[in-house]
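*Asks:*
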Amino acid sequence: MTNPSESTPAFRYTPQLANQIEQAWQQYWTDNGTFNAPNPVGDLAPADGSSLPENKLFVQDMFPYPSGTGVHVGHPLGYIATDVYARFNRMLGKNVLHAFGYDAFGLPAEQYAIQTGTHPRTTTMANIENMRRQLGLLGLGHDQRRSIATTDPEFYRWTQWIFLQIYNSWFDKEQQKARPISELIPLLEAGELPTPDGRAYGELTAVEKQQAVDEYRLVYRSNSMVNWCPGLGTVLANEEVTADGRSERGNFPVFRKQLSQWMMRITAYSDRLIDDLELLDWPDKVKSMQRNWIGRSRGAEVDFSAQGHTLTVFTTRPDTLFGATYMVLAPEHELVDALVAGGTGSFDSIDPRWTAGEATPAEAVAAYRASIAAKSDLERQENKDKTGVFLGAYAVNPVNGAQIPIFIADYVLTGYGTGAIMAVPAHDARDHEFATAFGLPIIEVVSEDGIVFNSSSAEGLDINGLSQADAIEKTIEWLSAAGLGVEKIQYKLRDWLFARQRYWGEPFPVVYSQDGLAHALPESMLPVELPEVADYKPVSFDPNDADSEPQPPLAKAREWVEVELDLGDGPQMYTRDTNVMPQWAGSSWYQLRYIDPTNSEKFVDIDNERYWTGPQFPGDSGGVDLYVGGVEHAVLHLLYSRFWHKVLFDLGHVTSIEPYRRLYNQGYIQAFAYTDARGVYVPAEEVTEKDGKFFYQGEEVTQEYGKMGKSLKNAVAPDDICDNYGADTLRVYEMAMGPLDTSRPWATKDVVGAQRFLQRLWRLIVDESTGDIVTTDAALSDEDNKYLHRTIEGVRDDYANLRVNTVVAKLIEYVNYLTKTYPQEVPFAAVEPLVIMVSPVAPHIAEELWKRLGHTDTVTFVDFPTYDEKWLVDDEIELPVQINGKVRARVVIPADATEETIMERVLAEPNVVAHLEGKNLRKQIVIPGRMINLVIN
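For the sequence shown, counting from 1, position 654 maps to 654 in full-length UniProt numbering; every step adds exactly one.
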């Protein structure tokens, strides 16, 4: 190596030397397949047929999206941590599977294609290669044979295959599991299950039979309420809509609209999705978020008679029925128009607060629906200013016969319950706000201590004087007996809207016949690949045109859309579905493809799945052993993947009940950002500080603190840190910044601390001037053994529990001890285990030092050091001596000293003698191993 400068020793651990070492060892790992984990069977099984160790570990990072902006130093935080954990476990003798892939379908690449005409695949592949290059600098120990991208046709072939498994299944409520459609048809034929209209299955036409079967499928088409964004020309998922009802991308208005869409019946699994959380080693916060999202609650469905119709409401508080003074329907409720038509027909003599300034209920409803079309569900629920209109119709309260007015209001949604509520303004905040705004009665029926009153009627129900729980039970019994209601378990969870009006996504493996019926394609026709299109734009509209209809980009590929196929009844013309799957599809099962990425016959061989993710003991859920990612995916991704996995389990395709046995949420790396007088962000790296103020190009700017990112102009590229310090320095710094599950501030100026630690480590072993090894064969002293074995004990426990920040702290302390104790030559026996302990967090320098210490094999699989208990016990300990509650002295005594010996030492201590002079020792308290307390007067 050439000298960076004349004053720098030739073999100093400089960034230049670090870069050389890192590149060499990364090439070695690639050439030797160091991190390739063998499978039990298939292409990745050992060539010699040897069996695999039972002790295995499957570690996984959450799927990243390959952004065009590349990664910043905040992105690899979790990736480095899982790599450290995987490397440590390899040293414990485990067969470790650690792979990495890319969640590559998505709207950003499509939007870029729309703007530039560049095919999304071109952009996506370039982004993947750039991300792979950037992360490759860090020396992450991934099995590269298992790398996948959701956009690979061989991957989404199996995404489509899984879709068909779900489509060709139904949920048996009695068995609480998915079963093949082939097992449903005999039950329909035998009359054991009803058809939708109650007719005998044998009496139906062929088309009607398929329609009857379709009603049971786990994937079905439904006229559902969606988020329609005319400005983007596509339907958006809830998570793509801001709280003020606009698209996250482009900031266009979003309207609620009824469209025929593919839905997945995730609600059938509500109970299992809640109950099986008990099997998982997940953060309590995430479990609570999933429980709240599913929202299981017990109550009653109650029937209100209204204008010849039955309005069914779900309530968790049937004990408050006597306090129901009006009803509210979602504006989209299917009976709204019928109730308006059967009502008063005009607003004569009606409170003007109920009419919204319109002359008739019909006009009021039409105007109100138009006014709330652009509101998101979140905005509707959280809006404190209650709005609505009267339908000109009344309902009958079933418990007392009272006539109560019916309104529509945007705070009631179609997706929860029945889309209708009984309003009890005395005991519900939102109902109270509405009642106050509209001058409606407010009747209290439950006291502050939970006792029911004002709740009896001529209809025979009397719950006065009962507690809430008893009143609920009695009311449900009465409703059931009267045929006016039933006990009901309800959920907030809605079925999964599983279609997007985009180009860049997985095509549906479904075609439609001339009669409009859907037909699943056979497995032999998979994958259904995306066709080339002239342009990628969906037909967009005036952003404010709520009445427009989606026309996806695929609809333009007529030669692809209209296709002749033989699906068993001879060649016929069919029409392909022009929607694509949502981005969640590929990430709902990707952990299974990591297991068996080259299998062309199955999405995963069950023997390989059983080895890597199968249950390990009775009551174990199975799944990935450690899944690390941000808490922002606590609900949707994890809920969707759990649902897909449970269907696959029910159908016998996997042995594990859950996809992820253990979940760990890492924190974020944050950074300072700066805005000028206009509020515009300026490049953080160009800001200077003077006298506690901050300046950019001579102008004072304002400092703020938040997530690192491109928009805040405070991102730091890992490329730059690796160039200027080395990858191992970056790894050590990020791991040392704080506990992995907390967020931490980035400061480039502090990176040098990690670099200096590695330089001290290097100097312990390598002479900076000659490159020679400077170790001796000297035996370790007792003090050396104490430091070494205590370091081993602490580091082993910290690695095992992902406390990598304290691992680094302990290693720094040990290096500092050796540097101080051995300024010239350090014992070989002191540094050999040190190099092994360092290797998970700083693998490149560890490999290099391991080689220089005379070893010919990689340090990757060397047994992690163990400790001897005898060196963990102190011969002597220091105890504080308190006199009347204040520490007045400290004594050093043998660790196994008796109380008598301890007191002899204490009473001979000069400072104690001085405080006892002329005083009476009233009491002495010896707390073994902790302290001595003397009471005097």
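For each residue, glycine too, the CB sits at the ideal point set by N, CA and C.
Computed from a predicted model, the values in this text were never measured in an experiment.
1) Pull up the DSSP beta-bridge partners for residue 102, would you.
2) Taking buried to mean at least 16 other C-beta atoms within 10 Å of its own C-beta, is residue 901 buried or exposed?
3) Roughly how many angstroms separate the alpha carbons of residue 2 and residue 235, rounded to a whole number?
4) Can you look up residue 411 in the DSSP assignment and give me helix, strand or coil?
5) Give the list of continuous beta strand (DSSP E) stretches no shorter than 3 residues that lie fully inside the UniProt domain "Leucyl-tRNA synthetase editing" (291-449).
6) With 16 other CB atoms within 10 Å as the buried threshold, where does residue 41 fall?
7) Would DSSP call residue 616 helix, strand or coil?
8) Count the other C-beta atoms from every protein chain shown that fall within 10 angstroms of the C-beta of residue 318, then say buried if there are 16 or more, exposed otherwise.
9) Whole angstroms are fine: how far does the CA of residue 97 sit from the CA of residue 609?
10) For residue 483, tell me which candidate among 817, 312, 747, 717 has the shortest Cα-Cα distance.
11) What residue range does the beta strand (DSSP E) around residue 35 cover?
12) In three-state DSSP terms, what is residue 671?
13) Once the 5 residues before and after residue 519 are set aside, which same chain residues still bring their CB inside 8 Å of it?
14) Taking the runs of the beta strand (DSSP E) that are 3 residues or longer, which of them lie wholly in the stretch 110-178?
15) Just to confirm, is the Cβ distance from residue 744 to residue 737 under 7 Å?
16) Helix, strand or coil: how does DSSP classify residue 835 here?
17) With 16 as the cutoff for other CB atoms within 10 Å, does residue 291 come out buried or exposed?
18) Within its chain, find whatever has a CB closer than 8 Å to the CB of residue 4; leave out the 5 residues flanking it on each side and keep chain order.
19) Once the 5 residues before and after residue 754 are set aside, which same chain residues still bring their CB inside 7 Å of it?
20) Tell me whether residue 771 sits in a helix, a strand or coil according to DSSP, three-state version.
21) Look at the Cβ atom of residue 843, then the Cβ atom of residue 73, and state whether they are nearer than 7 Å.
22) What are the uninterrupted segments assigned as alpha helix (DSSP H) that are 4 or more residues long and contained completely in the stretch 709-758, given in chain order?
23) For the beta strand (DSSP E) that contains residue 236, what are its first and last residues?
24) Taking 7 Å as the limit between beta carbons, can you name the residues of its chain near residue 905, skipping five residues before and five after?
25) To the nearest angstrom, report how far apart residue 576 and residue 532 are at their CA atoms.
26) From residue 303 to residue 434, what does the alpha carbon distance come to, in whole angstroms?
27) What's the C-alpha gap between residue 54 and residue 622?
28) Could you give the residue range of the beta strand (DSSP E) that holds residue 890?
29) Looking only at its chain, what residues have a beta carbon closer than 7 Å to the beta carbon of residue 395, apart from the 5 residues adjacent to it on each side?
30) Return the CA-CA distance between residue 795 and residue 237, expressed in angstroms with no decimal places.
31) Pull the bridge partners of residue 562 from the DSSP assignment, please.
32) Between the C-alpha atoms of residue 460 and residue 215, what's the straight-line distance to the nearest angstrom?
33) For the beta strand (DSSP E) that residue 690 lies in, which residues bound it at each end?
34) From residue 898 to residue 927, what does the alpha carbon distance come to, in whole angstroms?
35) Measure from the alpha carbon of residue 506 to the alpha carbon of each residue in 153, 605, 422, then state which is nearest.
36) Go to residue 702, then tell me how far its beta strand (DSSP E) extends in each direction, as first and last residue.
*Replies:* Taking the definition as stated:
1) 149
2) By the 16-neighbour rule on beta-carbons within 10 angstroms, residue 901 is exposed.
3) Low confidence applies to residue 2: its pLDDT is 40, below 50, so where it sits in the model is not reliable enough to give any reading.
4) coil
5) DSSP assignment within the UniProt domain "Leucyl-tRNA synthetase editing" (291-449) yields the following whole beta strand (DSSP E) runs of 3 residues or more, N-terminal first: 297-306, 309-315, 326-329, 388-396, 403-409, 420-423.
6) exposed
7) coil
8) Label assigned to residue 318: buried.
9) 12 Å
10) 312
11) Premise fails: residue 35 is in no beta strand (DSSP E) and is neither H nor E.
12) Annotated three-state conformation of residue 671 is strand, per DSSP.
13) 510, 511, 512, 513, 567, 574
14) 169-172
15) In this structure, residue 737 lies closer than 7 Å to residue 744 by Cβ.
16) helix
17) exposed
18) Residue placement at residue 4 is flagged as unreliable, the pLDDT there being 48, under the threshold of 50; the coordinate-derived value follows with that caveat. Same-chain partners within the cutoff: 14, 16.
19) Setting aside the 5 residues that flank it on each side, residue 754 is surrounded in the same chain by 729, 732, 733, 736, each with a C-beta closer than 7 Å to its C-beta; the list follows chain order.
20) Residue state, collapsed to three classes: coil.
21) No, the Cβ-Cβ distance between residue 843 and residue 73 is not below 7 Å.
22) 718-725, 727-736
23) 234-236
24) 891, 893
25) 15 Å
26) Distance between the alpha carbons of residue 303 and residue 434 is about 22 Å.
27) 14 Å
28) 886-894
29) Sequence-distant partners of residue 395 (beyond 5 residues in either direction) whose C-beta falls short of 7 Å from its own C-beta, in its chain, are 304, 305, 306, 311, 327, 404, 406.
30) 45 Å
31) Its beta-bridge partners are 575.
32) 40 Å
33) 688-690
34) If you draw a straight line from the Cα of residue 898 to the Cα of residue 927, it comes to about 11 Å.
35) 153
36) 699-707
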